[in-house]
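Engineer: Got a structure here, written out as structure tokens. Questions coming.
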Amino acid sequence: ETGVTQTPRHLVMGMTNKKSLKCEQHLGHNAMYWYKQSAKKPLELMFVYSLEERVENNSVPSRFSPECPNSSHLFLHLHTLQPEDSALYLCASSQDIGLTYNEQFFGPGTRLTVL
Amino acid sequence: QKEVEQNSGPLSVPEGAIASLNCTYSDRGSQSFFWYRQYSGKSPELIMFIYSNGDKEDGRFTAQLNKASQYVSLLIRDSQPSDSATYLCAVNTYNTDKLIFGTGTRLQVFP
Chain A
4 ETGVTQTPRH LVMGMTNKKS LKCEQHLGHN AMYWYKQSAK KPLELMFVYS
54 LEERVENNSV PSRFSPECPN SSHLFLHLHT LQPEDSALYL CASSQDIGLT
104 YNEQFFGPGT RLTVL
Chain B
57 QKEVEQNSGP LSVPEGAIAS LNCTYSDRGS QSFFWYRQYS GKSPELIMFI
107 YSNGDKEDGR FTAQLNKASQ YVSLLIRDSQ PSDSATYLCA VNTYNTDKLI
157 FGTGTRLQVF P
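One line per chain: the protein sequences are A and B, in this order.
Positions in the first sequence are counted from 1; adding 3 to them yields my numbering.
Positions in the second sequence are counted from 1; adding 56 to them yields my numbering.
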């Protein structure tokens, strides 16, 4: 595997379900990110982790719970979601944080549908 | 005012023409500017970045930055149908980890 991978690629869940999204980066990066992409809206940053420590939590509802067990893996735990949470969830990684030039590499995304 | 603004398009250009994509930003402290390309159903991929005023060229792509006027543009020369995608402008401020994205401009290159 190369780059940034995400599983599952598609997920349909009910409002009472609990599920998790997984992201893995094979680039040796120290920083990882979760973004939400909804139709007609800009990419929204949700969480930033640097060396397994959360450095940014962008006013995200508590029904989204991130976990970063090590610098290569990032999870997004989902519970009691709402239909408006349906979106493409993108994971990204970058060499580090606090860099002037901070190229972020994106995974393929998980298309989430909440019924 | 939106932090990063782009015309949503679609911008339609004939094959072989120059496509010009524009982006304005509101934070004067912004330091780095990125252009990502996103094909339908795919994730964004970086095609250019710039952080100094002026032009930066890479193959058929030229990024132009004007910090005084707070705009950044992307020119695509000799446009190809394979360039048809949504182009996302992203901006970050020095020493923060927040990339602020625009909504993207959809480019259509017709044969």
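Glycine included, each C-beta is placed from N, C-alpha and C at the ideal position.
Suppose the cutoff is 8 Å on Cβ atoms and the five residues either side in sequence are ignored; what does the same chain contact list for residue 206 of chain B look like?
Structural biologist: Since the first and last residues shown for chain B are 57 and 167, residue 206 of chain B lies out of range.
Engineer: Is the number of C-beta pairs between the stretch 53-67 of chain A and the stretch 60-70 of chain B that are closer than 8 Å three or more?
Structural biologist: Touching, no.
Engineer: Assuming contact is defined by CB atoms lying nearer than 7 Å, are residue 108 of chain B and residue 120 of chain B in contact in what I supplied?
Structural biologist: Translated into positions along the second sequence, residue 108 of chain B becomes position 52. Translated into positions along the second sequence, residue 120 of chain B becomes position 64. Result no, Cβ atoms of residue 108 of chain B and residue 120 of chain B do not sit closer than 7 Å.
Engineer: Can you pull the chain A neighbours of residue 17 of chain B, defined as C-beta to C-beta under 9 Å?
Structural biologist: Outside the shown range of chain B (57 to 167) lies residue 17 of chain B, about which nothing can therefore be said.
Engineer: When you check each C-beta in the stretch 50-67 of chain A against every C-beta of chain B, which residues fall closer than 7 Å?
Structural biologist: If the cut-off is 7 Å between Cβ atoms, the stretch 50-67 of chain A has 51, 58 and 59 near chain B.
Engineer: With a Cβ-Cβ cutoff of 7 Å, do residue 161 of chain B and residue 126 of chain B count as a contact?
Structural biologist: Along the second sequence, read from residue 1 onward, the residue named residue 161 of chain B stands at position 105. Along the second sequence, read from residue 1 onward, the residue named residue 126 of chain B stands at position 70. Cβ atoms of residue 161 of chain B and residue 126 of chain B: not closer than 7 Å.
Engineer: Give the range of the beta strand (DSSP E) segment to which residue 14 of chain A is assigned.
Structural biologist: Looking up residue 14 of chain A in the first sequence gives position 11. Taken as a continuous stretch (DSSP letters only), the beta strand (DSSP E) holding residue 14 of chain A covers 13-16.
Engineer: Residue 123 of chain B versus chain A: which residues are under 8 Å apart at the beta carbon?
Structural biologist: Here residue 123 of chain B is taken as the residue at index 67 of the second sequence, counted from 1. Going along chain A, no residue has its Cβ under 8 Å from residue 123 of chain B, so there is no contact; the nearest lies around 14 Å.
Engineer: If we require 3 or more residues per run, which beta strand (DSSP E) segments fall completely within the stretch 47-116 of chain A?
Structural biologist: Complete beta strand (DSSP E) runs here, min 3: 47-53, 56-60, 67-73, 76-82 and 90-97.
Engineer: What are the boundary residues of the beta strand (DSSP E) that includes residue 102 of chain B?
Structural biologist: Counted from its first residue, the second sequence places residue 102 of chain B at position 46. That run of the beta strand (DSSP E) goes 101-106.
Engineer: Mapping DSSP to helix, strand and coil, what is residue 138 of chain B?
Structural biologist: On the second sequence, residue 138 of chain B is found 82 positions in, with the first residue counted as 1. Correct three-state label for residue 138 of chain B: helix.
Engineer: In the DSSP assignment, find the unbroken beta strand (DSSP E) run with residue 78 of chain B in it and report its ends.
Structural biologist: The residue given as residue 78 of chain B occupies position 22 in the second sequence. Segment 75-81, the beta strand (DSSP E) holding residue 78 of chain B.
Engineer: Whose Cβ in chain A lies nearer than 8 Å to the Cβ of residue 80 of chain B?
Structural biologist: As a position in the second sequence, residue 80 of chain B is number 24, starting the count at 1. Neighbours of residue 80 of chain B on chain A: none; closest Cβ ~14 Å, over 8 Å.
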